[in-house]
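Peer 1:
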Amino acid sequence: MIHEFFIQDFTWFFIYLIIVLSFNLAFGFTGMVNLGHMVSVGIGAYTSALLTLNGVPWYIALLAAGIIACVIGTIIAAITVRLKGDYFQIVTLGLIFIAIAVSRNWISLTRGALGLPGVPDIIRSNFYYMLFTMVLSLMALWFVYWLTNSETGKIFQAIRDDETATAILGKNTYFYKVLSLAISTFLAGIAGGLMVHQINFVDPSIFDLEQFIIILFMLIVGGLASIKGSILGVFLLFALIDLLRFLVVRPELIGPVRQMALLLILLLVLIYRPKGIFGKVDI
Amino acid sequence: MPSILPQLIINGLIAGSIYALAAAGFALVYYVVKFQYFSHGAMIAAGAYFFFLFANVLGLSFAIAGILAIACTIIITLAVNYLVYLPLRKRKATSNVMLITSVVLLMFFSSLILALFGSSTKTLVLGSEGQIFDFGLFTITSLQAYIIFFAIALFFVLYLIMKKTRIGKAMRALADNKSVAQVVGINPERVYTYVFIISGAFAAVSGILVGLEQNLYPKMGVIIIIKGFISSVVGGLGSVPGSVIGGFFIGLIENVGVWYLPTGYKDLISFSVMILFLLLRPQGILGVKLRDDT
Chain A
0 MIHEFFIQDF TWFFIYLIIV LSFNLAFGFT GMVNLGHMVS VGIGAYTSAL LTLNGVPWYI
60 ALLAAGIIAC VIGTIIAAIT VRLKGDYFQI VTLGLIFIAI AVSRNWISLT RGALGLPGVP
120 DIIRSNFYYM LFTMVLSLMA LWFVYWLTNS ETGKIFQAIR DDETATAILG KNTYFYKVLS
180 LAISTFLAGI AGGLMVHQIN FVDPSIFDLE QFIIILFMLI VGGLASIKGS ILGVFLLFAL
240 IDLLRFLVVR PELIGPVRQM ALLLILLLVL IYRPKGIFGK VDI
Chain B
0 MPSILPQLII NGLIAGSIYA LAAAGFALVY YVVKFQYFSH GAMIAAGAYF FFLFANVLGL
60 SFAIAGILAI ACTIIITLAV NYLVYLPLRK RKATSNVMLI TSVVLLMFFS SLILALFGSS
120 TKTLVLGSEG QIFDFGLFTI TSLQAYIIFF AIALFFVLYL IMKKTRIGKA MRALADNKSV
180 AQVVGINPER VYTYVFIISG AFAAVSGILV GLEQNLYPKM GVIIIIKGFI SSVVGGLGSV
240 PGSVIGGFFI GLIENVGVWY LPTGYKDLIS FSVMILFLLL RPQGILGVKL RDDT
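The listed protein sequences derive, respectively, from chains A and B. Counting along the first sequence from 1, when you hit position 154 you're at 153 in numbering that gives the first Met the number 0, and nothing is skipped either side. Counting along the second sequence from 1, when you hit position 234 you're at 233 in numbering that gives the first Met the number 0, and nothing is skipped either side.
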């Protein structure tokens, strides 16, 4: 019998693995520095929560979470991908704050800052839910592995390394960049749905920068454009959080100290080894 | 209800001065050192909390606390430059790394403040409460009048530094063409130090003014720099005067927009304006040439 604590931890591990893999697909493999990745996760979480709360079966809700996140992500990508210079990063960073403003103020839909409590479980047993997230994350892992080794994936990486050269070779780089973001946001939406059925609650804080820092840590410390790096990144973050849980004595300091430790490690990695542990490319 | 329009415009000017102050420090670094300096928000929060520490906790007089807060903020700004940004510049880090690093620093300082001062909001208590002037059409407190006055005075000082002093000329030369500036004997790192000193002083002053007008909370730096940054994009990234104009523009639009929309949508208004500008007029109000370095 596995201890309840580890079941919860493993479930989170698998959910975050999907998020980081999809983040890596756009950020690491295609070079699209999408700082608003958690917005897609949050859209997925809200979609699945609202649908299941209104009696829609979970499998439709979970699929809809992916599809809605993907549709919104694709529309935004189609508009913003053409922006020059740093402006794509800037707009995607701005999306975080737009998502916070909308989720706080569209009260008739999201209940604002109160959030949506009582989201039903998909599977009552935590152990079987862990297995369910494991199966989905393995599917995502296999899919991202297959995609990045396919011809499409090679084009993604060619765009990251030299977009002009790829365009000269006759590839429609605009289409491939939007495609990469569409797949990335679809997976993120599914992960958001899994997340909301795990904690049975969602509120605007899912969009907060603190949440984004977590996946940024996993991606950058693990390594860009590396699948094994993403797995390691997620693992390291959970190991660090569990370690700090035992080291920090005063409960009101756990939050800020954990955040500072994460950010300090992230800062050192950015300064001295921006490729991360298994990373193949520089951003 | 046109009678509240003058009041909304005055509120817009007050918010605009705060945004413009934040935008000026951000834009100065962007203009000369060429990266997205989001950690400026952290320095604004640091300035406000230093002032809180000296004026309210230690009970020093307003002027001494202000000078100490400015000095401490400048020291932290320089320390961050030497410990973080200098190694990155030496390694010729890409603009993506610089951008992410500055966001990480911003979050780091907000957690540090949370750990040191707790999550409760702090109020800066002045010896005498501000007077309220009633002009019939609108009211304004003496503090708010000071904010507008200080902001405009500081922009004037910054303008003089940039146009009249040797160091200002060196900054403009570096901003225009780094290699040519180096050929004529300008040491970039030395000039960057001055840039960070000026931006640190701006951060401290805007932190103190924001702290007096609103309250202090650990994430205040994040909220303020986002607005400062939007102002800078709208006014023209890489243009200091443009960013100041952008600050007042965003302050006015947000506050007049409240006439039509609920207050909670203020953020949405400014972000939508920023995105519209990025798509339709990426060079901003003042029309600065687009820097394409990717």
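For glycine and all other residues, C-beta sits at the position ideal for the given N, C-alpha and C. Just so it is clear, the structure is predicted and the values come from calculations on it, not from any experiment.
#1: Tell me, which residues are paired with Leu-215 of chain B by DSSP?
#2: Straight-line CA distance for Gly-210 of chain B to Thr-72 of chain B?
#3: Use the C-beta contact count for Leu-90 of chain A: other C-beta atoms within 10 angstroms, 16 or more gives buried, fewer gives exposed.
#4: Leaving out five residues before and five after Asp-291 of chain B in sequence, what residues of the same chain have Cβ atoms less than 8 Å from its Cβ?
#5: Bridge partners for Asp-133 of chain B per DSSP, in chain order?
#6: Could you check whether the Cβ of Val-55 of chain A sits closer than 8 Å to any heavy atom belonging to the ligand ZN?
#7: Who are the near neighbours of Ala-200 of chain B in its chain, counting only those whose CB is closer than 7 Å to its CB and skipping five residues on each side?
#8: Using 8 Å as the Cβ pair cut-off and three pairs as the minimum, do the stretch 25–35 of chain B and the stretch 63–73 of chain A touch?
#9: Taking the alpha helix (DSSP H) that Gly-15 of chain B belongs to, which residues open and close that run?
#10: For Gly-263 of chain B and chain A, any beta-carbon pair shorter than 9 Å?
#11: Name the chain A residues that come within less than 7 Å of Asp-266 of chain B, Cβ to Cβ?
#12: Measuring only the C-alpha atoms, how far is Ala-181 of chain A from Thr-73 of chain A?
#13: Keeping to the same chain, check which residues put their C-beta closer than 7 Å to that of Phe-276 of chain B; ignore five residues upstream and five downstream.
#14: On the three-state DSSP scale, how would you describe Val-80 of chain A?
#15: Val-201 of chain A by DSSP, collapsed to three states: which one?
#16: Closer than 8 Å is the cut-off here; do at least three beta carbon pairs connect the stretch 111–123 of chain A with the stretch 241–255 of chain B?
#17: Where does Leu-265 of chain A fall in DSSP's three states?
#18: Quick check on DSSP: helix, strand or coil for Leu-115 of chain A?
#19: Use the C-beta contact count for Ser-60 of chain B: other C-beta atoms within 10 angstroms, 16 or more gives buried, fewer gives exposed.
#20: Is Ile-282 of chain A helix, strand or coil by DSSP?
#21: With 9 Å as the threshold, decide whether the Cβ of Arg-103 of chain A is near any Cβ in chain B.
#22: If the criterion is Cβ atoms closer than 9 Å, does the pair Ser-238 of chain B and Ala-150 of chain B meet it?
#23: With a cut-off of 8 Å, do at least 3 Cβ pairs link the stretch 28–38 of chain A to the stretch 194–211 of chain A?
#24: Please list the terminal residues of the continuous alpha helix (DSSP H) segment that includes Asp-160 of chain A.
#25: If you compare alpha carbons, which of B:Pro-86, B:Gly-246 and B:Lys-265 is closest to Ala-26 of chain B?
#26: Does any C-beta atom of chain A lie closer than 9 Å to the C-beta of Ser-110 of chain B?
Peer 2: A quick look at the data gives this:
#1: B:Lys-121, per the DSSP bridge assignment.
#2: Across the structure, Gly-210 of chain B and Thr-72 of chain B are spaced so that their CA atoms are roughly 15 Å apart.
#3: Note that residue 90 of chain A corresponds to Val in the displayed sequence, not to Leu. By the neighbour-count rule (16 or more Cβ atoms within 10 Å), Val-90 of chain A is buried.
#4: Residue placement at Asp-291 of chain B is flagged as unreliable, the pLDDT there being 45, under the threshold of 50; a coordinate-derived value is accordingly withheld.
#5: In the DSSP output, where bridge partners are listed per residue, Asp-133 of chain B has B:Thr-138.
#6: This structure does not include the ligand ZN; it has no bound ligands of any sort.
#7: Excluding residues within five positions, the ones whose Cβ falls inside 7 Å are Ile-69 and Ile-73.
#8: Contact fails between the stretch 25–35 of chain B and the stretch 63–73 of chain A, because fewer than three Cβ pairs, one in each stretch, are under 8 Å apart.
#9: Unbroken alpha helix (DSSP H) run through Gly-15 of chain B: 4–31.
#10: The C-beta of Gly-263 of chain B comes closer than 9 Å to at least one C-beta of chain A.
#11: By Cβ distance, chain A contributes Phe-96 and Ala-100.
#12: Each residue's alpha carbon lies about 5 Å from the other.
#13: Only residues of its own chain outside the window of five on either side were considered, and among them Val-232, Val-233 and Gly-283 have a CB closer than 7 Å to the CB of Phe-276 of chain B, listed in chain order.
#14: Three-state result, Val-80 of chain A: coil.
#15: Correct three-state label for Val-201 of chain A: strand.
#16: Contact fails: fewer than three Cβ-Cβ distances are below 8 Å.
#17: Here Leu-265 of chain A sits in helix by DSSP.
#18: It is a strand residue.
#19: With fewer than 16 other Cβ atoms within 10 Å, it is exposed.
#20: Reduced to three states, the DSSP call for Ile-282 of chain A is coil.
#21: Closer than 9 Å: yes.
#22: Taking a C-beta distance under 9 Å as the contact criterion, Ser-238 of chain B and Ala-150 of chain B do not qualify as a contact pair.
#23: Taking 8 Å as the limit for Cβ pairs, the verdict is that the stretch 194–211 of chain A does touch the stretch 28–38 of chain A.
#24: Its alpha helix (DSSP H) spans residues 150–160.
#25: Answer by Cα proximity: B:Gly-246.
#26: Yes - at least one Cβ of chain A is within 9 Å of the one on Ser-110 of chain B.
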